[in-house]
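Have a look at the structure below before the remarks.
Numbering (the numbering used here), first residue to last: 92 to 509.
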């Protein structure tokens with residue numbers, strides 16, 4: 092029997108809603124585990140290990156092979172137990188997610204005593220790797236996150252976001268950048284790009300060889316890009332309506348004014364696409380149709396299937412956020428810190444984005460290599476509490492954006508179909 096209490100997010104389940112493994116199924120699982128364990132004890136070093144965490148030569152000694160094989164067997168057993176639970180879909184999903192997190196954290200690769208590569212490196216470096224690893228860990232404690240790239244290798248304006256442009260408008264929410272054309276002839280209709288407000292704008296202009304901005308300029312487009320402000324506590328009361336009206340709509344109108352074009356091409360990316368789509372629906376309700384074309388990248392408009400993120404979202408979590416940073420009940424609004432978002436996204440792929448760097452940076456004393464995309468990924472921005480909790484409740488939890496005329500934004504009923 093497993094008594095789930097919402098994994099920290101939900102209420103204690105009543106007895107009739109407890110997550111159960113039926114006794115007959117549990118017996119079958121344990122009998123199979125006993126057989127597998129017996130077989131492994133008879134041949135603890137047998138079988139091919141295909142997990143890349145244990146691919147190095149140091150893992151091929153009999154002792155280390157046995158350690159890995161027992162870990163893999165127990166991991167398989169725990170996942171089988173998790174999948175055998177009979178409960179509602181969200182509880183099952185949370186049990187599976189939490190079990191996977193525990194399994195990944197307990198990998199023998201993550202500990203000095205059971206990582207032969209880390210132990211050998213201490214010997215090879217005469218202890219220097221241990222000293223460096225401790226310093227790396229202390230530095231990351233100060234930052235509040237595990238380093239995934241060499242932050243000193245990049246600087247915005249020098250080797251990141253180097254496409255030439257100028258700020259042509261700004262207000263309390265964003266700056267609007269207009270880029271210098273790269274062709275003798277340009278299209279009359281400009282191209283406005285609205286990136287997510289949870290990260291910095293330069294995802295669309297990393298380096299010349301992987302810059303969407305530069306590519307569009309080379310095709311003859313006049314390109315504008317919104318650079319959202321990184322909110323500070325003074326902006327805690329900023330709302331979703333503000334991001335629509337003072338943000339996306341103002342950016343669209345400014346590009347129209349500068350270019351003299353009634354219609355423009357628009358690209359929305361991630362949350363920026365959700366903001367853009369909402370803004371266009373608000374303008375449509377005012378009988379304004381500024382988009383000649385709309386391109387959406389990794390954008391959610393229907394939140395009925397949000398993937399693994401669904402494990403975090405329920406009524407209790409939203410109420411908690413509303414009470415702590417959303418100003419509900421007369422309290423003050425707060426901020427969702429960018430580092431909290433970055434850590435959450437990293438733990439969606441813990442082996443690749445967390446434990447890989449724990450092993451390499453701390454146990455082996457290495458420095459992560461430069462990687463422009465991971466530098467951007469770790470350069471998260473804060474979100475105003477008022478805006479964030481509205482987004483959580485009305486979009487993620489209640490999925491109201493897809494329902495015509497359910498939401499009112501900037502005084503207008505929102506209908507994405509208009």
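C-beta: ideal position from N, C-alpha, C; glycine also.
At the level of alpha carbons, what is the spacing between residue 276 and residue 227? Reading the chain shown from its first residue, position 185 is the one you call residue 276. Reading the chain shown from its first residue, position 136 is the one you call residue 227. Going by the C-alpha atoms only, they are around 51 Å apart.
Identify whether residue 508 lies in helix, strand or coil by the three-state DSSP scheme. Translated into the one-based positions of the chain shown, residue 508 becomes position 417. Residue 508: coil per DSSP, three-state reduction.
Euclidean distance between Cα positions of residue 218 and residue 459: Translated into the one-based positions of the chain shown, residue 218 becomes position 127. Translated into the one-based positions of the chain shown, residue 459 becomes position 368. Using only the alpha carbons, I get a separation of about 19 Å.
Buried or exposed: where does residue 389 fall if 16 or more other Cβ atoms within 10 Å of its Cβ makes it buried? Position 298 of the chain shown, counted from the first residue, corresponds to residue 389. Answer is exposed; the Cβ neighbour count stays below 16.
Less than 8 Å between the CB atoms is what I'm expecting for residue 342 and residue 267, so what's the real figure, rounded? Taking the chain shown and counting its residues from 1, the one referred to as residue 342 is at position 251. Taking the chain shown and counting its residues from 1, the one referred to as residue 267 is at position 176. The pair is a contact, with the Cβ atoms about 6 Å apart (cut-off 8 Å).
Would you mind stating whether residue 397 and residue 487 have Cβ atoms separated by less than 8 Å? Counting from 1 along the chain shown, the entry for residue 397 is found at position 306. Counting from 1 along the chain shown, the entry for residue 487 is found at position 396. A contact, by the Cβ cut-off of 8 Å.
Here's the rule I'm using: 16 or more other beta-carbon atoms within 10 Å means buried, otherwise exposed. How should residue 395 be labelled? Stepping through the chain shown from its first residue, residue 395 is reached at position 304. Answer is exposed; the Cβ neighbour count stays below 16.
Going by DSSP, what residue range makes up the beta strand (DSSP E) through residue 326? If you number the chain shown from 1, residue 326 lands on position 235. Neither: residue 326 is in no beta strand (DSSP E) and is coded neither H nor E.
Count Cβ pairs between the region 232 to 243 and the region 176 to 191 that sit closer than 8 Å; are there 3 or more? no
Could you name the residues of the same chain whose beta carbon sits closer than 7 Å to that of residue 107, not counting the 5 residues immediately before and after it, in chain order? Numbered from its first residue, the chain shown carries residue 107 at position 16. Interpretation of residue 107 is limited by its pLDDT of 46, a score under 50 that renders its predicted location unreliable; no figure is taken from the coordinates.
For residue 335 and residue 501, I'd like the C-alpha separation in whole angstroms. Counted from its first residue, the chain shown places residue 335 at position 244. Counted from its first residue, the chain shown places residue 501 at position 410. So the alpha carbons of these two residues sit roughly 8 Å apart.
Does residue 133 come out as helix, strand or coil in the three-state DSSP assignment? For the purposes of this step, residue 133 is taken as residue 42 along the chain shown, with counting starting at 1. Residue state, collapsed to three classes: helix.
Between residue 102 and residue 408, what straight-line distance do the alpha-carbon atoms span, to the nearest angstrom? For this step, residue 102 is matched to residue 11 along the chain shown. For this step, residue 408 is matched to residue 317 along the chain shown. Because residue 102 sits at a pLDDT of 40, beneath the cut-off of 50, its placement in the model cannot be relied upon, and the following sentence gives the value as read from the coordinates. Taking the straight line from one Cα to the other gives about 10 Å.
Taking the alpha-carbon positions, what's the residue 284 to residue 446 distance? Along the chain shown, one-based indexing puts residue 284 at 193. Along the chain shown, one-based indexing puts residue 446 at 355. Answer to the nearest angstrom: the Cα atoms are 35 Å apart.
For a test of the three-state rule: what should DSSP assign to residue 377, helix, strand or coil? For the purposes of this step, residue 377 is taken as residue 286 along the chain shown, with counting starting at 1. Correct three-state label for residue 377: coil.
Helix, strand or coil: which one does DSSP assign to residue 284? On the chain shown, residue 284 is found 193 positions in, with the first residue counted as 1. In the structure shown, residue 284 sits in a strand (DSSP, three-state: E or B).
At the level of alpha carbons, what is the spacing between residue 468 and residue 289? The residue given as residue 468 occupies position 377 in the chain shown. The residue given as residue 289 occupies position 198 in the chain shown. Roughly 10 Å separates the two Cα atoms.
Kindly list the residues whose CB is nearer than 7 Å to the CB of residue 231, restricted to its own chain and excluding five residues on each side of it in sequence; keep chain order. Taking the first residue of the chain shown as position 1, residue 231 is located at position 140. Hits under 7 Å: 237, 238.
Would DSSP call residue 306 helix, strand or coil? Taking the chain shown and counting its residues from 1, the one referred to as residue 306 is at position 215. In the structure shown, residue 306 sits in a helix (DSSP, three-state: H, G or I).
How far does the beta strand (DSSP E) with residue 59 in it reach, from first residue to last? With the chain represented from 92 up to 509, any question about residue 59 goes unanswered, as that position is not in the structure.
Contacting residues, own chain, Cβ-Cβ under 6 Å from residue 112 (five flanking each side not counted): To locate residue 112, count along the chain shown from 1; it is residue 21. Answer for residue 112: 175, 176, listed in chain order.
Among 450, 465, 169, which residue has its Cα nearest to the Cα of residue 117? As a first step, residue 117 must be located in the chain shown, where it is residue number 26. Ranking 450, 465, 169 by Cα distance to residue 117 puts 169 first.
The region 307 to 323 / the region 450 to 457 touching (three or more Cβ pairs under 8 Å): no
Pairwise C-alpha distance: residue 311 and residue 274: Numbered from its first residue, the chain shown carries residue 274 at position 183. Numbered from its first residue, the chain shown carries residue 311 at position 220. If I take the Cα positions, the gap works out to 6 Å.
Determine the extent of the beta strand (DSSP E) in which residue 356 is found, giving its start and end residues. Counted from its first residue, the chain shown places residue 356 at position 265. Run containing residue 356: 355 to 360, per the beta strand (DSSP E) assignment.
Which residues in the same chain as residue 211 place their Cβ atom closer than 8 Å to its Cβ, once the five residues preceding and following it in sequence are excluded? Locating residue 211 in the chain shown gives position 120, where the first residue counts as 1. Hits under 8 Å: 149.
Measuring alpha carbon to alpha carbon, tell me which of 185, 133, 331, 287 ends up nearest residue 402. Start at 1 with the first residue of the chain shown, and residue 402 comes out as number 311. When each option's Cα is compared against that of residue 402, the closest is 185.
In whole angstroms, give me the CA-to-CA distance for residue 430 and residue 405. Position 339 of the chain shown, counting from 1, holds the residue named residue 430. Position 314 of the chain shown, counting from 1, holds the residue named residue 405. Computed Cα separation, rounded: 22 Å.
Write down every uninterrupted run of the alpha helix (DSSP H) in the region 201 to 264 whose length is 4 residues or greater and which is fully enclosed by it, in chain order. 207 to 215, 219 to 234
Residues in the same chain with beta-carbon distance under 7 Å from residue 198, minus the five sequence neighbours each way, listed in chain order, please. Your numbering for residue 198 matches position 107 in the chain shown. Closer than 7 Å at the Cβ level, and outside the excluded window around residue 198, lie 144, 162, 446.
Residues in the same chain with beta-carbon distance under 8 Å from residue 461, minus the five sequence neighbours each way, listed in chain order, please. As a position in the chain shown, residue 461 is number 370, starting the count at 1. Once the five neighbours on either side are set aside, the close Cβ partners of residue 461 are 240, 241, 244, 245.
Extent of the continuous alpha helix (DSSP H) run through residue 382: On the chain shown, residue 382 is found 291 positions in, with the first residue counted as 1. It is not in any alpha helix (DSSP H) - residue 382 instead sits in the beta strand (DSSP E) that spans 382 to 388.
Extent of the continuous alpha helix (DSSP H) to which residue 181 belongs: The residue you call residue 181 lines up with position 90 of the chain shown. Unbroken alpha helix (DSSP H) run through residue 181: 180 to 196.
Would a C-beta distance cut-off of 8 Å place residue 262 and residue 337 closer than the cut-off? Sequence index remark: in the chain shown, residue 262 carries index 171 (1-based). Sequence index remark: in the chain shown, residue 337 carries index 246 (1-based). It is a contact, given that the beta carbons lie within the stated cut-off.
Give the secondary structure of residue 499 by DSSP, where H, G and I count as helix, E and B as strand, and everything else as coil. As a working mapping, residue 499 is identified with position 408 in the chain shown. It is a strand residue.
Quick check: the Cα distance between residue 471 and residue 427, rounded to an integer number of angstroms? Within the chain shown, residue 471 is the residue found at index 380, counting from 1. Within the chain shown, residue 427 is the residue found at index 336, counting from 1. Their backbone Cα atoms lie some 11 Å apart in a straight line.
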